Structure formats: C-alpha cells, structure tokens
Amino acid sequence: MNTRLLTFYLLLLFASVASAQSIKGTVKDAGNEPVIGATIQVEGSGYGAVSDALGSFEIKKLRPGNYKIKISSIGMASVTKEVTLGTTDVVIAVVLKEDRKQMDEMVVVGYGVQRKREITGAISKIGGKELNDLPVPSFEAAIQGKAPGVQVTVGSGLAGSASIIRIRGISSISAGGDPLYVVDGIPITQDYFITGNSGGMNNNPLATINPDDIESIEILKDAAANAIYGSRGANGVILITTKRGKGKGWKLGAQVKAGVSVPTARPKMLNNQQWLQLNQEAWENDGHAGRAPLPGGLTYEQAMANNTNWVDQTIQTGSKYGMNFSATKGGEKLNTYINLSHDYNGSYLVGNSFVRTAGRINLDYNATQWLKIGINSSFSRGLNNRVNAAWSGGLGAAMSTALPIYPIYNADGTWYRAGNNPVRNMENMLWKTEELRALNGLNLTLTPVKNLVLQGQTSYDYMNQTDDQWRSSEITGNKNSGDAYRGMSFIKNFNYYVTATYMRTLKEKHNLQVMVGNEYQRANTIRRSADSTNVGGLFSNNQDKYLTARYLSQAGTNWSFLSYFARATYNYKQKYYVQAVFRTDASSRFGNNYRWASFPSLSGTWVVSEEDFMKGNKAFSFLKLRAGWGKSGNANIQDDARFATYSNTSNNITYNGQPTLFPNKLENQNIRWETTQNYDVAVEAGFLKDRITVELDYYRKETKDVLMYLSIPASIGFGNYWDNVGSILNQGLEFSFKSRNIISKNFQWSTNFNVARNFNEITSLGVYTEDAVSGGTNDTRVVVGKPVGTNYLIRWSHVDANNGLPVYLDKNGKETYVYDNQNRMAVGKIIPDAIGGMTNTFRYKQWDMSVLIIFSYGSNIYESSQKRQASLITDWNMDERVYDRWRKPGDISHFPRLTRDYRTYGLPDEWSNTTLWLKDGSYARLRNLTIGYNMTPARCRKMHLTSMRISAIATNLFTITNYDGLDPEIGRDSEGSGQGNLNNSRNMGSQNITYLTPPQEKTFSLQMNIEF
Amino acid sequence: MKKLLLISVLLLSLGSCRKWLEVYPEGVQLESDAVKDLTDLKNILNASYDAMANHYNGRIQFFNELLGDNLEKPQSGFTVPVYQRTTNFFNSDVGGLYGDMYAVVFRLNYILARLNDNTIAVDDATKTRMTGEIKFLRAMLHFDIVKLWAQPYGATADNSHLGIVIRNEVDTKPKARATVAATYDFIIGDLTDAIASLPDVNGNYATKDAANALLAKVYFQMNNYEKVKEICNVLIPKYTMDTTLNRFENALTSSEKIFSFVSTGVADNRAATYINNFRIVNPSNPSPNRLSKSLYYEATADTADKRSKYYAIFNAGDATAETYGITKFNADFLSNPILYVSQLKLMRAEALAILNADLQTAIGDVNDIIQRAYGSAIANLPTNTPAADVILMARKQRRLEFPCEGVRVQDLKRIGVKEDPTGSGTVLIRNSKWNCPGLALQFPVNEKTSLFQFNPEGGCE
C-alpha cells in the first residue's frame, strides 16, 4: 500500500511545474579564486545549491519575497546575505574568507569536547548518519570499515548477534578485550555473557541501543585519548553521543524501511543418495563387504526413501521492516529531541528475529545564564525470537548430524527421534529472550564565574533480561505438557561524575585549561531462574504456572569503580598543544593490596601549518604532528575472581533433603590490574584547501600483568585459576585518506579510505606453556613469540597417492602417518595483518550512491567443523567439497580415502586439528551499496516537506575471497564455563574460527526518509 | 573564590567513602562467611554425596561399559574414542569426568582439614563419623579413578606401574602419579579407617557395612579372594535377597541395599545418565546409546529368564540395521543402587569357586540369583557342579545381572590379570588384550607438568 501511495505522490510532483525567479551568483575566496562545492542554502525553505567549478550557483523557482541566503564551505567562515527577490532574477557575489576555527569540528573526548585541531590523541569520529542507513544486526556493526585500526567482525547471521570489536589489536587474554562503551557519559552495561552461551549465541548488550538516536561515535584509540578513562581504556573507548534538539522551531522526521534477508552463502550438503554412496565407499575402503551399516536405526530401504533437505527446512527468506519518528526543537531556553522507533529484523533462519522498540527524549534547559540542565532518557525493548544455531542445532544440525537419510516423521506419523531432527526440535520448543533497558542521565552545568565550568552528571542504566524457554514433552521425554524455564537478570548500573574546568587565556597567547573530576560507578546484577514441569507453553503465557514455579538464585555480579582524574591542556598561540592526564582508579575486583592503580598520560601537538614559514604554502592547507604516551588498564574480569567462593542450598541443591554447601573456586587475593603502556606518533595533513586530508599513525602498546584464567591440574579439584601472567605487544600503522575528487555543480565524488596494519605478539607467558589457556576446540593456543589467537595444529602434508592415507609432518618437518599432539606447531593466526575500508560517494543532481568496500588481509580461518564434513564418515552430513577425495592408487586428491573409522587416519578421535582445515581468511567484500534519490527542494516545498529521500540499500552483495567455506567474515559465539574461559574464547576463539557458524546475511532494503 | 573552592571540595569529596569499594560478589558466598561452624562442614559433606550421586548416576558406569563389550559403538562424539580405546588428552568427556571426581575429593579433604584445624567446635563422635564418611567416599572415588585411568591391579607383578594422583589433603600443587600398589594401599587404608569410624546405622549415608562391602569389591578387583570370602561371609547373612528384578526401581528401599545414592523423583533423579543413554522413548526408534550384539544375544538366549524381557531389538533380521536396546531404564526417574547383596553373592560365589572352598555356598549364591531370574529353580546349578563351571556361571550371571552398571570390563581385566598374566591374548576385551594401553583412559591436558607422566595411547584393536 505504501508503494502505491508513494508512486501517486511522485507522479503528482513530477507533473507540477512552477514558474518563479532564481537567485544566481558566484562564490570566490579572498584571492578571487572560485570556491568549489560551497553550500548555498535559502534559510527556512529547504531550497539550496552547490557551487560548481567556476564557483557559480543558481537557485531556481523561488517566489518573490525576502530571503536569507547562507553560504558555507569547509574551511571558510560562513556568510549570510539578505536578498529581496522581485519579479526578476537576482545575482549576488559572495566572498568567503578562510576560517581555521570553523575548519575544526568538535570532537567528544570524554568529560568534555575539544576541537579536532587541539586533540593530542588518536580519535576516530563517525557521524550518526553513516550508522543508521545500514541494516545491521546491531549498531556497532556499522562502524566496520570506517575507522582505521578498528576491527569489526560482524556477528553471524543470527538476528541481534554481537559483533566483535578490537581496537589496535588484542591486548587481553582472559580479561574482556572489548572496548569500553560510554553513552552520553554513562559507561553502560556491556555483559556479553548474561546468558552464557546458549543456542550458539551470546547475549549482545548493545542490541537494544537505537542507532537512530546516535549523533556521533568517537573511538578513543591511544592512551592520550583514553587515559581519561584510564582504568578501563586499555582496549579503547567508544563514546556514543545521542542527538539533541537544535536549530529553531520544531523539525519532524520519519523513516520507514522494509527489506529481505538471505544468507551470504548456502551450504551445499549431500542428498541421501550421495551420502549413502559415500558411506558405502568408506565401508568398502575399510575392507568390508556387503551393505554399510547406517546410523539412526534405519534400514537401507528406508534411507533410500528418505531424502530430507534439512538446509531448506531451517532457512527462509527473512523479512525486515522498521519505522522511526523523531521530533526536535531548538530554542533559547529549551532544546528537545524525541524519537520513537520500531524495528523488526527477521533473519534468514526459520523462526529467528530481533524486534526492537525504542523511545528517547533528550532535553537541554538553559535555566539561567549560569545553569544548564540536561536530561537523557531512553527506554527500549529488544525481543529476540531465538532459535538454535551452530553446535546447538537448527541450521547447524542441517550442516552436521541431521542426515539426509533421516525423515522428519516416522511412518506412523510420530516425530523421528533416532537421529538429529532439527524440525522436531524447533517445533517442540519456544524460546524468547526479552530485554528491557532504560538509560537515564541528568546533567547539570554551572558557570558560577567567568572561565570556570562545573559539571555533574548522575545516571542509571537499568537492564532487565528475561530468557523464556519451553520444551514440549516430546523433547523432555516426561509425560506432561512440557517444561518451562525462565532465566532472569536484573542489572542496575549507577554512575556519577563531577568535574570542574577552569580556562584561562593570558596575553592572547597562552591558553590553559584544567579539569579535575571524580567518578564512581557501581553495578549489581541479580540473577534468578524459575522452572516448572507440566506447563503448556512459555511462562509469559502461563502466569499461573509461573507463580507456582521453583525459583532458584544464581550467582550475579556486584562491582564498583572509584576514580579521580585531572586533565590539563595548554596551547601557545594555537600552534603548540600539550595535554597531561592523570587518573587513579580503585576497583572492587582487586584486593586491598592491589586495588588502586594510576594511569598518567602526556601528549603534545604541533600545528605546523600555523607557523610563519608555512604561510602561503600551496601544497599544505593543514599540517599537524602529534605524539603521546600513557598508561591504561583493564579490570574486566569476574567480580569474584580473587575469592574462594561457595554456593549453598539457596540454589535448591539439596541431597537427601538436607542442605548443601560447596566451594566453586580457588582464591587468589594477589591478582592485580592488567596495564598497557601506549605510545603514539602521528601526522595529519590537508592539501588543496583540505580537499585531500590524510592521517598517519604509528602506535605501540605494551601490555603486562596479563590477566589469565589458567589451566591447572584437574586433580587439584579445580581446572582453572586466575593470575597475572606474561606480556603482550601490539604495534602498528594506521593510514586514512579523505578526498573530494570531483566537485562540480551536478556531480560530486568523494573517497574515504583507511587501512591499518597490526603486529601482535605474546612476549612472555612466565612459567606457563602453550596449553595454559585454551581457545577454540583445542586448536588455538597461547604461544610466546606468536600473536594472541595462534592456530596451534599438527601440520598436514598431503594425501599419499598410493594408499590414500593422510601424511602429517612431525616437529622436524619429517613426513609421518602418525598423528601426535606433540607435533603441534604455531601455524596460523586468527587476527589479520591488515584491515580497512573504502567508501566512495557519488552525487549526481538529486541522486547519490555510496559504495563501502571492506577488506581484511592476512588472517587464517580455522574451519573447525570441516573435520567432520569431509572424508571421515560419521553420523555427520558432508558438503560437496568431499568429492575431491582419493579413490584409487595414483589419485592426487585434496581429501584422503573415505573411511568410517578415524583410526584409519591415525587419529585418536573424530576431532583432528590439522592444517587441512586452516584456510586463508583474506577477503574483500562489498559491504554496502546505497542508491538514493533526494527530492528537489521545490518538490518538497510543494508537499510541505523539508526534505525527502528514498534509498535502496544492499549489504554484503558480493565477496572476493579464497576461502572455500561459507563466509570468510566469522564472529562466532564464545564458549566455555566461567567468564575467564568465555573471554578467552572471545579473544582468541570466536573470530575466524567457524564451527557450523551461520553465515552472515545479505540484505536488500528500501528506505524512505522524510523531514518536515 | 572561597565559595568556589568550597563547592569544588564538596563535589570532589563525594567519592571519598572507602566503603564504596567494599563490594562483594552477588549470589555467592565467600569462604569466610560460608564455613563457620560444624553445620557448614556437614553441609559440605552432604554436597559431596550430592555431587557423587550425580557422577555415579550412570556416568562413571557408562565410561566403564564403553571400554568393554556390552555396548555398540556410539554414534559420534567424545565417547567414541572411549569405545575405540583411543582417548587422548583433549578428550573433554573423559577430562570432564576426571575433574568432576577430583573436585569431590577436594571437598572431602577440605572438610577433613577443617575438622582437625581446631577452628571449628566439633564433638568427638561427630568427628569420628564424619571422618569415616569422608574416607569411605574418598576411597570410592580413588578406586573408580584408578580402575579407569590406570592398568589394573596385578598388571605388573609388584604393581609398580603407574596409578593415579593420590589427593589426601588440600593441596594446590601439581603432583606426580603414585604407583598402583600405593594407590590401592591408600584406598584400603581409607576403607579400613572408615570401617573403624563408621556407625552401623547412618540413615542414607555411609555405614560400616557400606565400607566393608566396598572393601570386598576392592579385594575382588585385586584378585584377593580370601579377603572377599572373609568380608562377604560376615555381610551377606545380615541382608535378604530382594525379589524385584529391576533394582533401579527400588534401590533405596530394597532389602538388599547396603549403600545407595538417594534418588527420589524427577527433580531429584540420580539415575539420569542411565536414562539419557538407554531410555527408549518411542518404540519406533532406538535409544541414543545401544547394546552390543553379544550382550543382547546372551541375555535373550533363554526366554525363560525373565531378565530377557528387558531387551529390545530394532530392524530385526536386517544384517546392517539390526540394533539393540534395554528397557529397564524406560522411566522418568529411577533409583540408583551402588552396593547391594546380589553383588556380594556373585563375588563370594566366584571367590569360593576360585579358592575351591565351600563350593555349596558358592552354588547356593549363584542359584539365588538364577532362581530369582527364572522365578523357579528350573535353571539352577546342580549341587555337584564342578568349581570351574561355578566360576563360569558366576561370571555369566554378573554380565546378565549388572548390564550397564560398569561391571563387565573390570571383570574382564581382573580375569585377565589372573588367567592371562602375560597378556598373551587368551583373555580379550572386545578383541583387545586386557592390558592394551588404550584400555586405560588418557588424563586431561591440564595435568601436563614436569612431574606428570601420561598414559601411552592407543595400542588396542
């Protein structure tokens, strides 16, 4: 219906032709050179134009009247001209003067803002518009390819799944390696493991944040930038600023969108005949005669009759739609921003969707000359309709243990149960995870006297997650209506900060700013579960059963940080800038002896282009050098890491009707902060009046006292123990480039490009060996001299052409048939050498097109599940790649002879970890293609609109890669028990290790944005 | 300016409260709060029973069965290498069980340490009883660990081959493996202490008889039949045989019960692994784990044996698709027998026959089992049955009476030690010599220290 209405409007608009006058003119600079690409706006009308190569412009179809024309261009001071238009055209000449202050956009730096020129640290800024035009599972995925040195691995095709973001490499192992997320000054709750790892997915704490609310994202990368968040800045800080009311009067906006989702690649699994044939071949290879036995309690005849395509049963074309309404109002006293949105994000997995409903109101009230009050308030609900995936079932089952010879139903109509039946599992289970989140902040800014600003903010981030599951008696096997379970998490995150900032300029040369502050944060997670038998569905629909359910208390979290900080910046004539930051933090996670740690930073900038000898330099329009040093920390570990903890009968664990009490872990009161020393030097330059800008950074991060959840002999009674062990080095180069290639009246083309090279190495592990910390499925290890997330495998040499057997290499490179774990070696890595992205934006008259290409070079992919999908015949299905196998003497093949017995390959089990499954993980992909049409101002005016835009968006359209699996961009779930192991997995096993991981989605959508 | 200074100081001093950092983890107790008095220690002991009830719920028994000849090869997963006797140090199922068993040992050692460190008031009687229970449970765990992770007692003449790590105190240091001789000495020592310390009656918890019955099993495994005879002769007369054929239905209340873990309902089911592995939910489809052909045909050969009704066959007659199941675990929950008289009867029967002493008692013991199975004396052994035949029948009845209870493979190892001490191949366990390396499970990778020696891997058929 929407489409029809739209067509009607469009026809109406194109048909209407108005006759009116034009305002024409030229825009030149002080040197009488034309200014290309200047924006000319008729204020309050929506009319406008862009100056061409000669500096000329024309705004047509204006009615007679008085107009204010605003002319602006980057690097120039804006000019406003009043024009009276009569019955004839008016011609104006505009001269723009250079304005270095205007050239500097404001950048949020943590407890304040700075001009870009003043910044002495490494900060990348991304505008909100770049984020919310991209259909992604969660906003952080849209950062991908836009900031140098920020590696974003988008989560799998599961709706609402979390991306993995690593800034300037990985410097943690068992402590969280994710950056700190701060929304409007609030360090938000960001627990990825609230629900552990269930269904092949971790929780995504960022999924309920509405991307439409985001004004900008600033990524603080080095210590000069993030030392002000020193305690938790070691892995970078992502500052999110939400939109606020501005301008004059009310401005309303609406956005509607709709689209579809399909997988980027589809597994090509064998059908029943193919599988039976290969099973038979393996049987005969193993020296048997007659028909090969079949799994699943089936006769050969039954197997021949069944041919279930389980991939078809678990995949669909997903649908997406969303709508968003916003109202903003600026004024002298009150600024208002209101937003309401609803997004339905259905994935290509049958039954899987994430539905987000969000509302926000941001108010700024200028109470008096000296008092400003700011309020940020948002409420959102994320409803995740969950399905099993990867190792847990669904599409993962279709790619593994759901064999094509298995039926969905037995002949008698009952569900087939003797083998994996994902349809049975799906139909007999209900699963919804609902997250309610309220993020509220109150901010007071006082200016009691000139040059002094006092600011205080208090905030409360509340999250309530309910994980509702129900399994029918078909699954539980119990003779009742089914079992219901509810896991509940209530997370309260309170935070305040106060700052006092003093600014002083002496003799118009010396500019000094000093800020001191104090912050406290305290968070508490209470976790409960309820379960009941004999329930007909989810607890949400069976309130009576919920009221009489069994309630259990689960271990939650409770932590606090207390911090004092100071920042001093000084500049001389706006040429030389120095910044010193000091922050000292205490964390409840550490014992009294190691609770406090200090994080200093010192950095400086020289704006070379301000020097007299650079004045008049034709090549450089801007040149800045900066350097910084600082320390930052990481305390992102379990709250109880240092304690020996006990659980008791409150968990309803009784024996013989009597209470129980038992130890959970060993004590280590001596664990302390993981700290990183950062060094950064950079050059920033602008050429041709900043039509081209470049930035080059070198960084070095030395991390010591790395927090590790170490493996200890199980016979002690516990498998793991927390300790500070070893050190990690990250160093690298980042380069970014922005260019406005063509600026003409009708056609503009600009390019943004960035690339980052990171070198990562574990430099020490103390007394421990490579097996001290595990990642993946025993395929990733910590190895001194190698990067975090090193694939530590037995080397595969080739398939022996004579007998079809695998030939491995021992430690010395000698060929052997023996598979021995002593021969494991560091042979690959999950982190890439280089990552980057390139955005090209084209604008032709009312049309525009944006193309984002991202790339990742030099990492490996460990296709962990392929060991069961190729050549070794078990109860797994295989994909078509298996056909490249040895069949007779003399065959040169990729895979060995088929066998049903892993011992044929010299293996101890079905889980061989060899380089046969290690792939080249480099890829480049067309991440986003957007084509948009912007209604002409005249037509908008006819429709009483300020602007209207229609766009078509495609994501992940194509990928160039040598990887022969499904999708080379892999961000899988993190596995393991205890946060230490989950973090180990997230830092060194989730990225680029695939285990039946659902591929990412390819989406096509249409979007309409209207402002009025 | 003074005013300003005052405001600043006030604002900045907001966060000076030291208590703000005294924040403790939520929903867990710290040791200092959790363990304060005797009740707490009793609760830890109860939690040790609780954990063991979950590990002996068919799980430990399943690993034994996988190594033996009662089961078909599992479909896939980390239990396959157990069946194939090719476990390595990455086998998480094997490592998981190992760690879980030692986790209970830690609890037991912790209680023992706290009972003796004079920080908690405890009366002598309670201390003695608790010490007895701790040593009984600790011995049970070490006995089952050494049976799974080491070559059997007697595999070398002086038992100098490697056993397991003995954990007899709270100690967070890596340790070397003790010899099998030292391990069995430790187990016998613990059980001897337990017998001296435990009461005759102790509710559902360990008793003197339980420790004696376990000691009889230990000696039986050691081929020390004199000791078996001695203990069984004292214990057996104290109990009566139960008529119930499926002891999983009434283990806790049976007249045969000497020790059983408490399993009272669906929400407190301590036979869960038995049920998960072997339950046949839908008669059209077999259970997740299946029986071997040899067990099925031996158990169903004589339909007059009422125990044969507990077996099921799928795709009968189809040479490649025929599979076998057992129906005695088809229930929502079951009880969990651990030490009971039928075991003692068949142990004594075999022991007496091997010793060739008191053959009539041996025949009587075997016939008690047979007669219950047939419902009459129709299949009983004649009173003049020679010792060799009594031995064979006692062993056969052990297989038929205790399927899935993890008995069979350890029987074959014990017999191997006695009858084929050189491993010449006259005693085979599913086509492998009883002492082939892979019949001892591999230890988990986290045991890897300079002190620790892993088992050799593979080497079985």
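Protein chains in written order, with our numbering: chain A, 11 to 1022; chain B, 47 to 507.
Just so you know, even glycine gets a beta-carbon here, dropped at the ideal spot from N, CA and C.
Keep in mind it's a predicted model, so treat the numbers as computed, not measured.
- In this structure, DSSP gives B/W480 a state outside helix and strand, which the three-state scheme calls coil.
- Counting the other Cβ atoms within 10 Å of the Cβ of A/S1000 gives 16 or more, which makes it buried.
- Beyond the five residues adjoining it in sequence on each side, B/A159 comes within less than 8 Å, by CB distance, of E215 and V216 in the same chain, given in chain order.
- Between B/P332 and A/T251, the alpha-carbon positions lie close to 59 Å from each other.
- By the C-beta density criterion, A/V365 is buried, having at least 16 other C-beta atoms within 10 angstroms.
- Contacts with chain B (Cβ-Cβ distance below 7 Å) from the region 641–666 of chain A involve D649, D650, F653, A654, T655, Y656, S657, N658, I663, Y665 and N666, listed in chain order.
- Residue environment for B/Q406: exposed (fewer than 16 other C-beta atoms within 10 angstroms of its C-beta).
- Relative to A/T1013, the option among A/T327, A/I50, A/I238 and A/V160 whose CA is nearest is A/T327.
- Nearest neighbour of A/A590 by Cα position, chosen from A/W639, A/D554, A/N740 and A/V193, turns out to be A/W639.
- Distance from A/L249 to A/I219 at the Cβ level is roughly 13 Å; contact not present, criterion being Cβ atoms closer than 8 Å.
- Put simply, the region 318–329 of chain B touches the region 360–378 of chain B. At least three CB pairs are less than 8 Å apart.
- Secondary structure note for A/Y1005: it is in no alpha helix (DSSP H), with a DSSP letter that is neither H nor E.
- Excluding residues up to 5 positions away in sequence, Q197, A201 and G469 lie with their Cβ nearer than 6 Å to the Cβ of B/N481 in the same chain.
- By a beta-carbon distance limit of 8 Å, A/P458 contacts A/W380. Their separation comes to about 6 Å.
- Our two residues, A/A540 and A/A494, have alpha carbons roughly 8 Å apart in a direct line.
- For the region 478–493 of chain B, the residues whose beta carbon sits under 7 Å from a beta carbon of chain A are, in order, P490, V491, N492 and E493.
- For B/W66, the chain A residues whose C-beta falls within less than 8 Å of its own C-beta are Y530, R532, S570 and L572, listed in chain order.
- Spanning the alpha carbons of B/Y230 and B/Y285 requires a straight line of approximately 28 Å.
- Of the candidates A/S271, A/K278 and A/V118, A/V118 places its Cα closest to the Cα of A/E225.
- With its beta carbon at least 8 Å from every one in chain A, B/I384 lies outside the interface.
- In its chain, beyond the 5 residues on either side, L454 and V508 have a beta carbon closer than 6 Å to the beta carbon of A/G466.
- With 16 or more neighbouring CB atoms inside 10 Å of its own CB, A/Q200 falls in the buried class.
- The region 305–324 of chain B and the region 341–351 of chain B do not touch, with fewer than three beta-carbon pairs separated by less than 8 Å.
- Residue contact with chain A for B/P245: absent (no Cβ-Cβ distance below 8 Å to any residue of chain A).
- Each residue's CA atom was taken as its position, placing B/P428 and B/S301 some 27 Å apart.
- Of the residues A/S351, A/N319 and A/R301, the one whose Cα lies closest to the Cα of A/G263 is A/S351.
- Apart from sequence neighbours up to five positions away, the residues of its chain that approach B/R444 with a beta-carbon distance below 7 Å are L392, V453 and D457, ordered along the chain.
- In this structure, DSSP gives A/R242 a helical state, which the three-state scheme calls helix.
- If you draw a straight line from the Cα of A/T914 to the Cα of B/G104, it comes to about 31 Å.
- At a cut-off of 8 Å between C-beta atoms, A/T309 counts as an interface residue with respect to chain B.
- DSSP places A/A368 within a strand segment (E or B) once states are collapsed to three.
- Secondary structure of B/T202 (DSSP, three-state): coil.
- Straight across, the Cα-Cα distance linking A/F504 with B/L67 is about 14 Å.
- Between the C-alpha atoms of A/V735 and A/D930 there is a straight-line separation of about 31 Å.
- Contact annotation, A/L926 with A/W806: C-beta distance approximately 4 Å; criterion of less than 8 Å satisfied.
- Between the alpha carbons of A/P147 and B/N477 lies a distance of about 55 Å.
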